[in-house]
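This report refers to the structure that appears directly beneath it.
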Amino acid sequence: MISPIFNQIIKLSATSIINSHIQEMEKLVSSWCKNKSLPESYIFPPETRPGNLVVPTCSTIPVIDLSKAEGQNRTHIVQQILKAGQEYGFFQVVNHGVPESLMNESMDVFKEFFEMPWEDKAMLYSEDPKNSCRLSTSSVNYAREKIHHWRDNLRHPCHPLQDCIKHWPQKPIRYREVVATYTIEAKKLGLRILELVSEGLGLESRYFGDKLSESEILSINHYPPCPDPSLTLGIAKHCDPNLLTLLHQGDVSGLQVFNNGEWIGVEPLHNAFVVNIGNQLQIISNNKLKSVEHRVVTNSRVTRTSAAFFIGPSEDSIIEPEKSLVDDAPFYKAFEFKDFLLHYFPNLEDNEVVMGRFKSQA
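Residues 11 to 372, numbered by the numbering used here, are exactly what the sequence shown covers, in order.
So, in structure tokens, the structure goes:
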């Protein structure tokens, strides 16, 4: 029988841990941003600020109707995807097979999570990138970075689902059920797109299956209204380190893609996913597809919530250009994916440095 004193000790210890987490959560942008001016630690250098320039909304980033990929237009859709990956590194997909009701319910749950009281989220807060499910703020480099990003973030792996789901948020009550269904459907869509990419590159349809697409990570971004969007960023410029990313950006704009020397805004389309090529797909394709820098700007009016589903290799995967796609010499040498990640995160805002480390010396 457990003594009352021991019970009291356990309760006090738990309370102390929760209080400690709540103190840490004061770093979250959403915990202090209302009715405050922009802190100096969030003001970017002049050369990297978004400024007050009107960024053109991109009407030329391709929008691809995936419903046509199963009929006689399949070859045309494959060509569209390949061209988009070569010219922009980004495209949007509609009629993709993920139910609209599921996309809406998932976005509702994502928003509900960030709207919950502190005490319901406190135990998830961590600045340790190794935590399997963590609520954090700014970037993975928060403790070391000089300038913080105007965002809060919930991030967790999704594969294998039966193991990962145990560590996901328990609140909102429906989070695990809804998000599990959402990630299963997102993975199906991602593999379908990768199959079309494979066909376009002349590879067998399951080329990117198994270990090259084993990793699944969901990253939910929360950008509260910002007092001065011209001086800061929700996420600074970067390329994604993985294979392929599917972004559900809701109905509030903020994503910008660097194309032909300028930043171009990607407006949300109803029930669409934004798809972008990751570094590993650029490497495996031997630069036939490209991973493109992108960033997120803030606004002063409404909160923006988005969800990125990252598909990538297992950490022990050997990454190298596919030999059938090499004409004269490969642009990159072979490496383990875990080595790429070790180099990527400290340098994520400089893609030339990231990719330069793995270029072939031949």
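Just so it is clear, CB atoms sit at the ideal spot from N, CA and C, and this is done for glycine as well.
Since residue i contacts residue j with CB under 8 Å, what's their CB separation in whole angstroms?
| i | j | result |
| --- | --- | --- |
| THR313 | PRO234 | 5 Å |
| SER51 | PRO237 | That belief does not hold up - the Cβ atoms of SER51 and PRO237 are roughly 14 Å apart, past 8 Å. |
| LEU228 | PHE319 | 6 Å |
| LEU335 | LYS298 | 6 Å |
| VAL189 | SER136 | Contact doesn't hold; Cβ gap of about 19 Å is too wide. |
| THR193 | GLU226 | 6 Å |
| ASN286 | PHE100 | 5 Å |
| GLU209 | VAL284 | Contact doesn't hold; Cβ gap of about 21 Å is too wide. |
| PHE123 | PRO55 | Contact flag wrong, Cβ pair sits at about 33 Å. |
| LYS197 | ILE293 | In fact, because the Cβ distance is near 22 Å, the residues do not count as touching under 8 Å. |
| PRO340 | ASN296 | 6 Å |
Please state whether the Cβ-Cβ distance between residue i and residue j is less than 8 Å.
| i | j | result |
| --- | --- | --- |
| ILE329 | GLN371 | no |
| ASN163 | ASN231 | yes |
| VAL306 | GLY244 | yes |
| PRO72 | GLN90 | yes |
| GLU303 | LYS247 | yes |
| PHE345 | PRO251 | no |
| SER316 | LEU358 | no |
| PRO239 | PRO49 | no |
| HIS166 | SER142 | yes |
| VAL104 | LEU279 | yes |
| PHE368 | LYS343 | yes |
| TRP160 | MET35 | no |
| LEU199 | GLY107 | yes |
| ILE53 | LEU241 | yes |
| GLY275 | VAL207 | no |
| ALA282 | GLN102 | yes |
| CYS249 | ASN361 | yes |
| GLU57 | LEU112 | no |
Report the partner residues of residue i according to the DSSP bridge assignment.
| i | result |
| --- | --- |
| TYR233 | ARG314 |
| GLY322 | SER225 |
| PHE350 | For PHE350, which the question treats as bridged, DSSP gives no partner whatsoever. |
| LEU145 | TYR135 and LEU164 |
| ASN286 | PHE100 and THR255 |
| PHE345 | ILE329 |
With DSSP run on the structure shown, which of helix, strand or coil describes residue i?
| i | result |
| --- | --- |
| MET365 | helix |
| PRO356 | helix |
| PRO56 | helix |
| LEU279 | coil |
| TYR192 | helix |
| TRP273 | strand |
| GLU155 | coil |
| THR85 | helix |
| PHE124 | helix |
| SER370 | coil |
| HIS248 | strand |
| SER77 | helix |
| ARG305 | strand |
| VAL150 | coil |
| LEU171 | helix |
| ILE294 | helix |
| TYR217 | coil |
| SER116 | helix |
| SER180 | Rather than Ser, the amino acid found at residue 180 in this sequence is Gln. Coil, per DSSP. |
| ILE91 | helix |
| GLU265 | Inspection of the sequence shows that residue 265 is occupied by Leu rather than by Glu. Strand, per DSSP. |
| ILE329 | strand |
| LEU335 | helix |
| ASP238 | coil |
| GLU209 | helix |
| ILE19 | Low confidence applies to ILE19: its pLDDT is 46, below 50, so where it sits in the model is not reliable, and the reading given next is rough at best. Reduced to three states, the DSSP call for ILE19 is helix. |
| LYS198 | helix |
| SER26 | Any reading at SER26 must be qualified, since the residue scores a pLDDT of 47, below 50, and its modelled position is unreliable; no value is offered. |
| SER51 | helix |
| VAL39 | helix |
| ASN299 | Reading the sequence as shown, one finds Leu at residue 299 and not Asn. DSSP places LEU299 in coil when its eight states are reduced to three. |
| LEU204 | helix |
| GLY107 | coil |
Exercise for the section: Would you check if the region 184-191 and the region 75-82 touch, i.e. whether three or more CB-CB distances between them fall below 8 Å? Expected result: no
Handout entry: Given 8 Å, three or more beta-carbon pairs between the region 208-227 and the region 149-163
Key = no
Handout entry: At least three beta-carbon pairs within less than 8 Å, the region 260-277 to the region 351-370
Key = no
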